[in-house]
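Engineer: Here the protein sequences come in this chain order: A and B.
Numbering follows the numbering used here, with no gaps: position 26 of the first sequence is 26.
Numbering follows the numbering used here, with no gaps: position 51 of the second sequence is 388.
2 protein chains.
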Amino acid sequence: MGTIKDIAQKAEVSISTVSLVLNNKGYVGEETRKKVQQAIQDMNYKPSRSARKLATGKTGNIGFIIWEGHFYDVEMFYSQIFLGMEYAARKTDSYVILTTVKEEFDPKKEVPRFLKYNDVDGVALAGRVPHTLVEYLDRQRIPIVLIDYAIPGKNYNCIQIDNYHGAYQAVDHLAKTGKKRIGFVGGTYFHPSIKERYRGYRDALEANNLIGNGMPEEYTFVENVETSPLIGEKGISVLLDRNTDLDAVFCCNDPTAMGAMKEIQKRKIKIPDEIAIVGFDDIPTSGFCMPRLTTVSVPKLALGKEAFNLLNEVIDQPSEPPQVRTIGTFLVKRESA
Amino acid sequence: MGTIKDIAQKAEVSISTVSLVLNNKGYVGEETRKKVQQAIQDMNYKPSRSARKLATGKTGNIGFIIWEGHFYDVEMFYSQIFLGMEYAARKTDSYVILTTVKEEFDPKKEVPRFLKYNDVDGVALAGRVPHTLVEYLDRQRIPIVLIDYAIPGKNYNCIQIDNYHGAYQAVDHLAKTGKKRIGFVGGTYFHPSIKERYRGYRDALEANNLIGNGMPEEYTFVENVETSPLIGEKGISVLLDRNTDLDAVFCCNDPTAMGAMKEIQKRKIKIPDEIAIVGFDDIPTSGFCMPRLTTVSVPKLALGKEAFNLLNEVIDQPSEPPQVRTIGTFLVKRESA
DNA sequence: CTGAAAGCGCTTACAG
DNA sequence: CTGAAAGCGCTTACAG
């Protein structure tokens, strides 16, 4: 495939010049530039990344870290975010290297190898990740961006989902559809996104004059464990046993909604006539379950792309103050509500 | 973090010597080696990958390619395989770079960037991938291993699932459980794995004296499109309409089984009493659907690890003849059969 | 506007 | 058994 030398020779210039046009730097005569570009074309030349890295110190890689558990979920949520990053990375010819971490992170014990070997210019972290990891990265001055997560009291670059409005719209739709006793079930309540969804739920209730008579307190089930179909089943059970008039439920995410749906069907309750249900995320499964789930759609690819772009900005200008970018959501009306 | 020079200085040897102990090559006196190792320890030194790459020509990366569509599936099948590779890669401090390709591949138009830039030492391809891609890689003499796929008539390194015995066991279980009219529904029949599953199905039928009276011809539904819940719904519908005595169905994979399940339930037919159902793959969702799906479990992490190991062997010894390694499966009995 | 030269951090013959 | 030196393929001041 040739090296920069071959190009220089063919174009009859020095390698410095080739490098300059390659990187679009300095002044190069129009003629010369043309010649060089032609040679590059002709030889199908691609500069060696390793060599470039050695010379510049940049790796051209960015790391992507998620909690290992998300690989065992039923959901394809984080994979989609990753895919969004990969798409963005293609445009810049950089790579995104994915790895997982355990729930607990101790820098003294084990750190992702791309950190250990300094093989990334920055890292994106999606979903719930160990705070110790984030602090570690911060301490090492490695540029980071959090995706769909935030650490209370700390200020990091992050890409957020508009959890509040998503939830608000979902619950508002339920209300507009005639539902009056709308429950909430959710896990990982310490998760900022879940809290925001709850806030949206409450405010939509209030806007529709549905507060009161035990609403929403008696109609809320939250538990501080990982969200999952199991939490959905359990949550709806508790709510159903406690309130015979429950006529709708907003679940903090789709897997939870799936679980709730299963339990509701087990009890031979009709969806959506007797109990309507709406989730959050719009994972692929939601379109296939029965009935098909009405849910708040999160543009996962866009999340990934935005994260990639923001991270690159941070890498280029490390001294800028942290940014928060929020990505909008929209309600997908299907059969369950 | 220091460079090789710092280590050399600290250990009072030349950088050549440091390099030798780093790579466990040549002869180095016991004393010297100790000193060097101590210095490496003390300074927490990690050799620069870029520099090493430049010097050796090896990249230390391997590519992982799947069809883009698998990212939009409901299933977490390929993600798990990827995770298996990532686990294996950790041990060797190499990276696996994941990218997707479209259904059609034309090297003249677009090739994955890590191929274009020569940034991987080899590549693993999982599931159905464009034959033109595989041939392209082969032509470029890039070491490859296929995972759960094969190209008829071609001989490539590959990691296979024991599709035949998996299917056989599944159907045998159905038969032993009293089922007599056992159907088969599947998509992508051109896929070698699916063919093998069908062969297992047939042989198990035969071993249980279930062939005849239209079995299995009348009880088989295959279509040459991507497997999905939709195919499951459609397939079981056709079978049900055609054979009133159908009492079980073996689906070519879990998503298909999910679809079939949905349709069966829609018709108010009892699972497993009236119709038992078993799938293949054991994706996470299978444990959560209702009823929980009996299925053939594929050790996905093991698939990934094996692929990684085989690929590395091929990279080290490119002239060895192609190998096929088969990973066993096992039946997970849950509620649907 | 262009080129010669140093340097990035390694590995690998080659001497000794 | 160990070191001096060339080389891997780039980038980047620095002259001119």
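Just so you know, even glycine gets a beta-carbon here, dropped at the ideal spot from N, CA and C.
For tyrosine 454 of chain B, go through chain A and note every residue whose CB falls closer than 9 Å to its CB, in chain order.
Structural biologist: What you label residue 454 of chain B is simply residue 117 of the second sequence in a count that begins at 1. Going along chain A in sequence order, the residues near tyrosine 454 of chain B (Cβ under 9 Å) are Lys46, Pro47, Ser48, Arg49 and Asp93.
Engineer: Taking Cβ-Cβ distances shorter than 8 Å, what residues in chain B pair up with phenylalanine 71 of chain A?
Structural biologist: Here residue 71 of chain A is taken as the residue at index 71 of the first sequence, counted from 1. Ordered by position in chain B, the residues that pass the 8 Å Cβ test against phenylalanine 71 of chain A are Met413, Ser416, Gln417 and Leu420.
Engineer: Note down, in chain order, all residues in the stretch 619–636 of chain B with a beta-carbon under 7 Å from any beta-carbon belonging to chain A.
Structural biologist: Those residues of the stretch 619–636 of chain B that come within reach of chain A (Cβ to Cβ, closer than 7 Å) are Pro621, Thr622, Phe625 and Met627.
Engineer: Could you list which residues in chain A have their beta carbon closer than 8 Å to that of isoleucine 519 of chain B, in chain order?
Structural biologist: Position 182 of the second sequence, counting from 1, holds the residue named residue 519 of chain B. Result: empty, since nearest Cβ-Cβ is about 24 Å, beyond 8 Å.
Engineer: Cβ of proline 566 of chain B less than 8 Å from any chain A Cβ?
Structural biologist: The count along the second sequence starts at 1 and reaches residue 566 of chain B at position 229. Yes, proline 566 of chain B counts as interfacial toward chain A.
Engineer: Which residues mark the beginning and the end of the beta strand (DSSP E) in which leucine 22 of chain A is found?
Structural biologist: On the first sequence, position 22 is the one that residue 22 of chain A refers to. Counting along the chain, leucine 22 of chain A falls outside any beta strand (DSSP E), though it belongs to the alpha helix (DSSP H) covering 15–23.
Engineer: Going by the CB atoms, is the gap between valine 482 of chain B and isoleucine 496 of chain B shorter than 8 Å?
Structural biologist: To locate residue 496 of chain B, count along the second sequence from 1; it is residue 159. To locate residue 482 of chain B, count along the second sequence from 1; it is residue 145. Result yes, Cβ atoms of isoleucine 496 of chain B and valine 482 of chain B sit closer than 8 Å.
Engineer: Report yes or no: is there a C-beta of chain B within less than 8 Å of the C-beta of phenylalanine 114 of chain A?
Structural biologist: Translated into positions along the first sequence, residue 114 of chain A becomes position 114. Yes, contact with chain B.
Engineer: For glutamate 12 of chain A, which option in A:Ser336, A:Lys34, A:Leu54 and A:Phe221 has the closest C-alpha, if you only look at C-alpha atoms?
Structural biologist: Start at 1 with the first residue of the first sequence, and residue 12 of chain A comes out as number 12. Residue A:Lys34 is the option with its Cα nearest to glutamate 12 of chain A.
Engineer: With a CB to CB cut of under 7 Å and the five nearest residues on each side skipped, what residues in its chain are close to histidine 191 of chain A?
Structural biologist: In the first sequence, the residue the question calls residue 191 of chain A occupies position 191. For histidine 191 of chain A, where only same-chain residues beyond five positions count, the Cβ hits under 7 Å are Arg128.
Engineer: Of all the options B:Ile418, B:Arg662 and B:Asp343, which has the alpha carbon lying nearest to the alpha carbon of alanine 376 of chain B?
Structural biologist: Indexing the second sequence from 1 puts residue 376 of chain B at position 39. When each option's Cα is compared against that of alanine 376 of chain B, the closest is B:Asp343.
Engineer: Could you have a look at tyrosine 95 of chain A and say whether DSSP puts it in helix, strand or coil?
Structural biologist: Translated into positions along the first sequence, residue 95 of chain A becomes position 95. Reduced to three states, the DSSP call for tyrosine 95 of chain A is strand.
Engineer: Mind checking who isoleucine 498 of chain B pairs with in its DSSP beta bridge?
Structural biologist: Walking along the second sequence from the start, residue 498 of chain B turns up at place 161. Its beta-bridge partners are B:Ile664.
Engineer: Among B:Asp591, B:Met595, B:Ser565 and B:Tyr382, whose alpha-carbon lies nearest the alpha-carbon of valine 635 of chain B?
Structural biologist: In the second sequence, residue 635 of chain B corresponds to position 298, counting from 1. Residue B:Asp591 is the option with its Cα nearest to valine 635 of chain B.
Engineer: Give the straight-line distance between the Cα atoms of isoleucine 608 of chain B and isoleucine 231 of chain A, rounded to the nearest whole angstrom.
Structural biologist: The residue you call residue 608 of chain B lines up with position 271 of the second sequence. The residue you call residue 231 of chain A lines up with position 231 of the first sequence. The straight-line gap from Cα to Cα measures roughly 25 Å.
Engineer: The beta strand (DSSP E) with isoleucine 620 of chain B in it runs from where to where?
Structural biologist: On the second sequence, residue 620 of chain B is found 283 positions in, with the first residue counted as 1. Isoleucine 620 of chain B -> no beta strand (DSSP E), and no H or E assigned at all.
Engineer: Using a Cβ cut-off of 7 Å, which residues of the stretch 458–491 of chain B contact any Cβ in chain A, in chain order?
Structural biologist: From the stretch 458–491 of chain B, no residue has a Cβ closer than 7 Å to chain A.
Engineer: Rounded to whole angstroms, what is the Cα-Cα separation between proline 658 of chain B and threonine 469 of chain B?
Structural biologist: Taking the second sequence and counting its residues from 1, one reaches residue 658 of chain B at position 321. Taking the second sequence and counting its residues from 1, one reaches residue 469 of chain B at position 132. When rounded, the distance between both Cα atoms is 21 Å.
Engineer: From the DSSP output, in three-state form, read off phenylalanine 408 of chain B for me.
Structural biologist: As a working mapping, residue 408 of chain B is identified with position 71 in the second sequence. Helix.
Engineer: Distance check for valine 249 of chain A and serine 673 of chain B, CA to CA, integer angstroms please.
Structural biologist: Taking the second sequence and counting its residues from 1, the one referred to as residue 673 of chain B is at position 336. Taking the first sequence and counting its residues from 1, the one referred to as residue 249 of chain A is at position 249. About 28 Å.
Engineer: Compare the C-beta of isoleucine 612 of chain B with all C-beta atoms of chain A and state if any pair is closer than 8 Å.
Structural biologist: The count along the second sequence starts at 1 and reaches residue 612 of chain B at position 275. It does not; no Cβ of chain A falls within 8 Å.
Engineer: Please identify the residue among B:His407, B:Glu423, B:Lys395 and B:Leu452 whose C-alpha is closest to the C-alpha of glutamate 68 of chain A.
Structural biologist: Start at 1 with the first residue of the first sequence, and residue 68 of chain A comes out as number 68. When only C-alpha atoms are compared, the closest one is B:Glu423.
Engineer: Residues of chain A with CB under 7 Å from threonine 436 of chain B, in chain order?
Structural biologist: One-based indexing of the second sequence puts residue 436 of chain B at position 99. The contacting residues are Glu86.
Engineer: Can you tell me where the alpha helix (DSSP H) holding leucine 567 of chain B begins and where it ends?
Structural biologist: Residue mapping note: residue 567 of chain B aligns to position 230 of the second sequence, counting from 1. Per DSSP, leucine 567 of chain B belongs to the alpha helix (DSSP H) from 566–579.
Engineer: Is the separation between the beta-carbon of threonine 285 of chain A and that of threonine 622 of chain B shorter than 8 Å?
Structural biologist: Along the first sequence, one-based indexing puts residue 285 of chain A at 285. Along the second sequence, one-based indexing puts residue 622 of chain B at 285. Yes, these two residues count as a Cβ contact at 8 Å.
Engineer: Under 8 Å between the Cβ atoms of valine 171 of chain A and tyrosine 201 of chain A?
Structural biologist: Start at 1 with the first residue of the first sequence, and residue 171 of chain A comes out as number 171. Start at 1 with the first residue of the first sequence, and residue 201 of chain A comes out as number 201. Yes, these two residues count as a Cβ contact at 8 Å.
Engineer: Along chain A, in chain order, which residues have C-beta atoms closer than 7 Å to that of arginine 688 of chain B?
Structural biologist: Examination of residue 688 of chain B is not possible in this model, given that chain B is present from 338 through 674 alone.
Engineer: If you run the structure through DSSP and keep just helix, strand and coil, what is leucine 583 of chain B?
Structural biologist: In the second sequence, counting from the first residue as 1, residue 583 of chain B sits at position 246. Correct three-state label for leucine 583 of chain B: coil.
Engineer: Say whether chain A places a C-beta atom closer than 8 Å to the C-beta of lysine 605 of chain B.
Structural biologist: The residue given as residue 605 of chain B occupies position 268 in the second sequence. Lysine 605 of chain B does not count as touching chain A.
Engineer: Is isoleucine 283 of chain A near alanine 260 of chain A, with beta carbons less than 8 Å apart?
Structural biologist: Position 283 of the first sequence holds residue 283 of chain A. Position 260 of the first sequence holds residue 260 of chain A. Not closer than 8 Å, so no.
Engineer: Thinking threonine 632 of chain B and valine 615 of chain B are a contact (beta carbons under 8 Å), I'd like their distance in whole angstroms, please.
Structural biologist: By 1-based counting over the second sequence, the position of residue 632 of chain B is 295. By 1-based counting over the second sequence, the position of residue 615 of chain B is 278. Contact flag correct, Cβ pair sits at about 6 Å.
Engineer: Residues of chain B with a CB under 8 Å from the CB of isoleucine 265 of chain A: which are they?
Structural biologist: As a working note, residue 265 of chain A is residue 265 in the first sequence. Here residue 265 of chain A is glutamine; the residue named in the question, isoleucine, does not match the sequence. Going along chain B in sequence order, the residues near glutamine 265 of chain A (Cβ under 8 Å) are Met627.
Engineer: Please name the residues in the stretch 368–381 of chain B whose beta-carbon is closer than 7 Å to at least one beta-carbon of chain A, in chain order.
Structural biologist: Listed by position along the chain: nothing, the set is empty.
Engineer: With distances taken Cα to Cα, identify the nearest neighbour of leucine 547 of chain B among B:Val575, B:Leu577, B:Gly515 and B:Gly524.
Structural biologist: As a working note, residue 547 of chain B is residue 210 in the second sequence. Comparing Cα-Cα distances from leucine 547 of chain B to each of B:Val575, B:Leu577, B:Gly515 and B:Gly524, the minimum goes to B:Gly515.
Engineer: State yes or no: is the beta carbon of methionine 595 of chain B nearer than 8 Å to at least one beta carbon in chain A?
Structural biologist: For this step, residue 595 of chain B is matched to residue 258 along the second sequence. Yes, methionine 595 of chain B lies at the interface with chain A (some Cβ there is under 8 Å from its Cβ).
Engineer: Thinking C-beta only, is leucine 647 of chain B closer than 8 Å to asparagine 698 of chain B?
Structural biologist: Residue 698 of chain B is absent from the model: chain B starts at 338 and stops at 674.
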